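Here is the structure we will look at.
Protein chains: 2
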Amino acid sequence: MLNVAIVGPGLVGGALIEQLVAHAQSSRFTTLPISVVGLINSKKMALSATSFSAASLGQWQTAILGDSAQPADMDWFANGLAGLKGATAVVDCTSSDVIAALYPKWLSWGLHVVTPNKKAFSSDLPLFQEIKQLSSSPRGPSVYHEATVGAGLPVLSTLNDLVRTGDQIIKIEGIFSGTLSYLFNNFSSPDATQTFSACVAEAKANGYTEPDPRDDLNGMDVARKVTILGRVAGLEIGIDTLPVENIVPESLRTVSTADEFMTRLPEFDSHFSDLNAKALQAQSVLRYVGFVDGVDGNSSVKLARYPLDHPFASLKGSDNIIAFTTKRFPNPLIVQGAGAGAAVTAFGVFSDLVKISERFGCTSSVDSSKF
Amino acid sequence: MLNVAIVGPGLVGGALIEQLVAHAQSSRFTTLPISVVGLINSKKMALSATSFSAASLGQWQTAILGDSAQPADMDWFANGLAGLKGATAVVDCTSSDVIAALYPKWLSWGLHVVTPNKKAFSSDLPLFQEIKQLSSSPRGPSVYHEATVGAGLPVLSTLNDLVRTGDQIIKIEGIFSGTLSYLFNNFSSPDATQTFSACVAEAKANGYTEPDPRDDLNGMDVARKVTILGRVAGLEIGIDTLPVENIVPESLRTVSTADEFMTRLPEFDSHFSDLNAKALQAQSVLRYVGFVDGVDGNSSVKLARYPLDHPFASLKGSDNIIAFTTKRFPNPLIVQGAGAGAAVTAFGVFSDLVKISERFGCTSSVDSSKF
Numbered sequence: 001m002l003n004v005a006i007v008g009p010g011l012v013g014g015a016l017i018e019q020l021v022a023h024a025q026s027s028r029f030t031t032l033p034i035s036v037v038g039l040i041n042s043k044k045m046a047l048s049a050t051s052f053s054a055a056s057l058g059q060w061q062t063a064i065l066g067d068s069a070q071p072a073d074m075d076w077f078a079n080g081l082a083g084l085k086g087a088t089a090v091v092d093c094t095s096s097d098v099i100a101a102l103y104p105k106w107l108s109w110g111l112h113v114v115t116p117n118k119k120a121f122s123s124d125l126p127l128f129q130e131i132k133q134l135s136s137s138p139r140g141p142s143v144y145h146e147a148t149v150g151a152g153l154p155v156l157s158t159l160n161d162l163v164r165t166g167d168q169i170i171k172i173e174g175i176f177s178g179t180l181s182y183l184f185n186n187f188s189s190p191d192a193t194q195t196f197s198a199c200v201a202e203a204k205a206n207g208y209t210e211p212d213p214r215d216d217l218n219g220m221d222v223a224r225k226v227t228i229l230g231r232v233a234g235l236e237i238g239i240d241t242l243p244v245e246n247i248v249p250e251s252l253r254t255v256s257t258a259d260e261f262m263t264r265l266p267e268f269d270s271h272f273s274d275l276n277a278k279a280l281q282a283q284s285v286l287r288y289v290g291f292v293d294g295v296d297g298n299s300s301v302k303l304a305r306y307p308l309d310h311p312f313a314s315l316k317g318s319d320n321i322i323a324f325t326t327k328r329f330p331n332p333l334i335v336q337g338a339g340a341g342a343a344v345t346a347f348g349v350f351s352d353l354v355k356i357s358e359r360f361g362c363t364s365s366v367d368s369s370k371f
Numbered sequence: 001m002l003n004v005a006i007v008g009p010g011l012v013g014g015a016l017i018e019q020l021v022a023h024a025q026s027s028r029f030t031t032l033p034i035s036v037v038g039l040i041n042s043k044k045m046a047l048s049a050t051s052f053s054a055a056s057l058g059q060w061q062t063a064i065l066g067d068s069a070q071p072a073d074m075d076w077f078a079n080g081l082a083g084l085k086g087a088t089a090v091v092d093c094t095s096s097d098v099i100a101a102l103y104p105k106w107l108s109w110g111l112h113v114v115t116p117n118k119k120a121f122s123s124d125l126p127l128f129q130e131i132k133q134l135s136s137s138p139r140g141p142s143v144y145h146e147a148t149v150g151a152g153l154p155v156l157s158t159l160n161d162l163v164r165t166g167d168q169i170i171k172i173e174g175i176f177s178g179t180l181s182y183l184f185n186n187f188s189s190p191d192a193t194q195t196f197s198a199c200v201a202e203a204k205a206n207g208y209t210e211p212d213p214r215d216d217l218n219g220m221d222v223a224r225k226v227t228i229l230g231r232v233a234g235l236e237i238g239i240d241t242l243p244v245e246n247i248v249p250e251s252l253r254t255v256s257t258a259d260e261f262m263t264r265l266p267e268f269d270s271h272f273s274d275l276n277a278k279a280l281q282a283q284s285v286l287r288y289v290g291f292v293d294g295v296d297g298n299s300s301v302k303l304a305r306y307p308l309d310h311p312f313a314s315l316k317g318s319d320n321i322i323a324f325t326t327k328r329f330p331n332p333l334i335v336q337g338a339g340a341g342a343a344v345t346a347f348g349v350f351s352d353l354v355k356i357s358e359r360f361g362c363t364s365s366v367d368s369s370k371f
């Protein structure tokens, strides 16, 4: 059994629990060697020496982390996990850099780490390198973070396969933000009619943006993903030195509320319409992309033009798309699909857990009503 | 160390050896825990208790399988491999069903199997089931065959991740033949001008078809890939009962030579032009696709129409494209890129070997001049 503990079960952690419970309760599947033994959020925690039942896990908010649960104590929790028999993985479902900073300690205690949290892999290079070093032994603790880029899409696993087998990465280019994908797929196409501010307002109303859309438009989320891809490709990319095009109009960067930003954004519609018209005149569309340069080190995050017959131009909805151009794939290897959302992010985490259980030879128990 | 033996080194096996040697000789990489210990073709064989040097492996045709090598004896060879210490993988680079039928024996001797050979997974269901059964134990011998569909593209690994984590496969749809991709990308597009027979002649001249193009146009290669995908998805697809649209005109199926076929194919240009004109009138193009139906069991291989803004319509060159529609990915997860060719097929095999070495905790030796 692979023991699993979930830190910060919320949207993604909740979806993961749902998928694990559904798997355990379906007769279509053989039992997975995965056993949920711990949950912790900012207030409460629960740790079991064996495993939670599928029934209580299905009601985890009340049955496991309800009022009667112990007050949260992260150190006590991780210590308890490290004392369990067999392989144990901590799933960090937070987006906290404070939690990310704990990975080295967890790894040194022999715990595996699985996470969609980008912080540890896209912040200071020393933290990334320490984590990489601590997880480099073939039989030692491992770190899997597929869902940090493109959620459950096979992005980092593909990049890892290319790198580990000695392919040469020429460039990685992609649309890595579901929000910015949606915005520019709607705003910039030959038959689009909406103004840029109307597209942003619609995306916000549909819940596709951060509460303050400037947190999407500033490109920092894409920059983190480019940093992760570059580092996995073996480049020393620093998020502080990566050129990132912030498409929030300069005078709106300092307005204090999201509401004020939204009210004033229409003042800049002509600016975006001009860019769009020029792109369309050149039989192209605008797309907000991240770019890892494996040859000259000119990685960047920017608004760029793509011809109408380019795969980036025909993207729909809020899909991500990632193109790997390598020595073996001079015409790029492309992965495309939903790159955000709780279910597909949880799928990425779930796949990582299955890989760890396989790699460390975990076998399943016979009782399928338990995890 | 993972011991590796290559059966039938030719184009793909040769490319694999080249990639392994390049990896070993590059200072960019840490040494892989992979050691080539055996080579066998239809005439000669060589088996080493330790490993071949990178130098001799670079010249394997003369240095290892040259005149002085032993005569080939597959049973003696596999027996010798089974006697080696540590994990050992046999890489079958043939397309032989005779070799494929040996997998159960190899597995029962504890050998792992890695292969781009489709036969074992797309022929009789009992052979597939026996192989699946023999490779089902978490710590026992394993079978990896990523390169049987889409060469090195992450197709089977992605499908496996979806299936193992309990996603529901609604359909898998794709262009799985590089040859038929090339043919219809050129023949059926709004600005195409060539006749169908001219497209086939050009593809043949460029080496993109089998010596007899009817072996591509009959759809059997695509049918094998659909069978593999369906079976990995948990469906009981039989290659004999799968509806396959053979687009070789009926009266040309029995002509005896490829030359005669090519000479007479222009008689049918109007048939294909009509189909194409009707598709284009409907703002669509023709594509030859494989289709796995995860819901109603209506899997098939056929010539189908796709609207101009569909990702299949904008495919270029001889790329493959595969779209997975699942419960979690109602808008499909798409993988696209070169799905044929020695280097990318060898990459698929190489990735599988790395996965086995990782899964079975193989560690590398210190001497990087050796495998």
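Chains P and U are the protein sequences, given in the same order.
Residue 123 in full-length UniProt numbering is what sits at position 123 of the first sequence, and the numbering runs on without skipping anything.
Residue 352 in full-length UniProt numbering is what sits at position 352 of the second sequence, and the numbering runs on without skipping anything.
Don't be surprised by glycine CBs; every beta carbon is placed ideally from N, CA and C.
Predicted model only: the values in this text are computed from it and were never measured.
Next on the checklist: Taking 8 Å as the threshold (beta carbon to beta carbon), is residue 166 of chain P in contact with chain U?
Outcome noted: yes
Look up residue 304 of chain U in the DSSP assignment and say whether it is helix, strand or coil. strand
query: According to the Cβ coordinates, are residue 242 of chain P and residue 299 of chain P closer than 8 Å?
result: yes
By DSSP's criteria, residue 173 of chain U is part of a beta bridge. Which residues make up the other side? U:291 and U:323
- Could you give the residue range of the alpha helix (DSSP H) that holds residue 248 of chain U? Here residue 248 of chain U belongs to no alpha helix (DSSP H), and DSSP marks it neither H nor E.
Can a CB atom of chain P be found closer than 8 Å to the CB of residue 40 of chain U?
no
Cβ-based contacts, 7 Å cut-off: residues of the segment 329-348 of chain P near chain U
329, 331, 332, 333, 334, 335, 336, 337, 338, 343, 344 and 347
* residue 158 of chain U versus chain P: which residues are under 7 Å apart at the beta carbon? -> 154
### Task
Spell out whether any CB of chain U is found under 8 Å from the CB atom of residue 309 of chain P.
yes
Where residue 87 of chain P and residue 133 of chain U are concerned, what is the direct C-alpha to C-alpha distance, given to the nearest angstrom?
26 Å
Exercise. Step through the CB atoms of chain U and report whether any lies within less than 8 Å of the CB of residue 116 of chain P.
Key: no
Please identify the residue among P:228, P:170, P:89 and P:158 whose C-alpha is closest to the C-alpha of residue 38 of chain P. P:89
Worksheet item: From residue 257 of chain P to residue 164 of chain P, what does the alpha carbon distance come to, in whole angstroms?
Response: 46 Å
Q | Cα-Cα separation, residue 10 of chain U to residue 340 of chain U | A | 15 Å
In terms of alpha-carbon separation, which member of P:239, P:203, P:142 and P:349 lies closest to residue 301 of chain P?
P:239
Quiz item: How long is the line joining the alpha carbons of residue 366 of chain U and residue 31 of chain U, rounded to whole angstroms?
Solution: At residue 366 of chain U the pLDDT is 48, less than 50, meaning the model places this residue with poor confidence and gives no usable figure here.
Burial state of residue 173 of chain P (16 or more Cβ within 10 Å)
buried
* Would you say the segment 130-150 of chain P touches the segment 102-120 of chain P, given that touching needs at least three Cβ pairs under 8 Å? -> yes
*asked:* Would residue 145 of chain U pass as an interface residue toward chain P - the criterion being a Cβ-Cβ separation below 8 Å?
replied: no
Do residue 279 of chain P and residue 305 of chain P have their C-beta atoms closer together than 8 Å? yes
I'd like to know whether the C-beta of residue 23 of chain U is nearer than 8 Å to at least one C-beta of chain P. yes
(message) Can you confirm whether residue 14 of chain U, when its beta carbon is compared against all beta carbons of chain A, has any partner nearer than 8 Å?
(response) Looking for chain A here will not work: the only protein chains present are P and U.
For a contact meaning CB atoms closer than 9 Å, what does residue 19 of chain P contact in chain U? 165, 166, 167 and 328
* Asked: Closest Cβ-Cβ distance between residue 350 of chain U and chain P: below 8 Å?
  -> yes
Closer than 9 Å by beta-carbon distance: list the chain P residues that pair up with residue 362 of chain U, in chain order.
138
| Which residue from P:74, P:63, P:5 and P:355 puts its Cα closest to that of residue 42 of chain P? | P:74
Kindly indicate the opening and closing residues of the alpha helix (DSSP H) around residue 271 of chain U.
269-281
Practice task
Specify, as a first and last residue, the run of the beta strand (DSSP E) that residue 44 of chain U falls within.
Solution key: 44-47
*asked:* Going by beta-carbon coordinates alone, are residue 7 of chain U and residue 147 of chain U separated by less than 8 Å?
replied: no
Helix, strand or coil at residue 4 of chain P according to DSSP, with G and I counted as helix: strand
Within 8 Å of any Cβ in chain U, is that where the Cβ of residue 29 of chain P sits? yes
Item to check | Whole-angstrom distance between residue 20 of chain P and residue 13 of chain P, CA atom to CA atom | outcome: 10 Å
Open item on the list: Using CA atoms only, rank isn't needed, just tell me which of U:151, U:149, U:150 and U:162 is closest to residue 154 of chain P.
Closed with: U:162
*Which value, in whole angstroms, describes the spacing of the CA atoms of residue 151 of chain U and residue 122 of chain U?*
16 Å
- Hey, could you find the ends of the beta strand (DSSP E) residue 337 of chain P is sitting in? 333-338
- Task: Leaving out five residues on either side along the sequence, give the residues of the same chain with a beta carbon under 8 Å from the beta carbon of residue 227 of chain U.
- Result: 121, 122, 237, 238, 239 and 242
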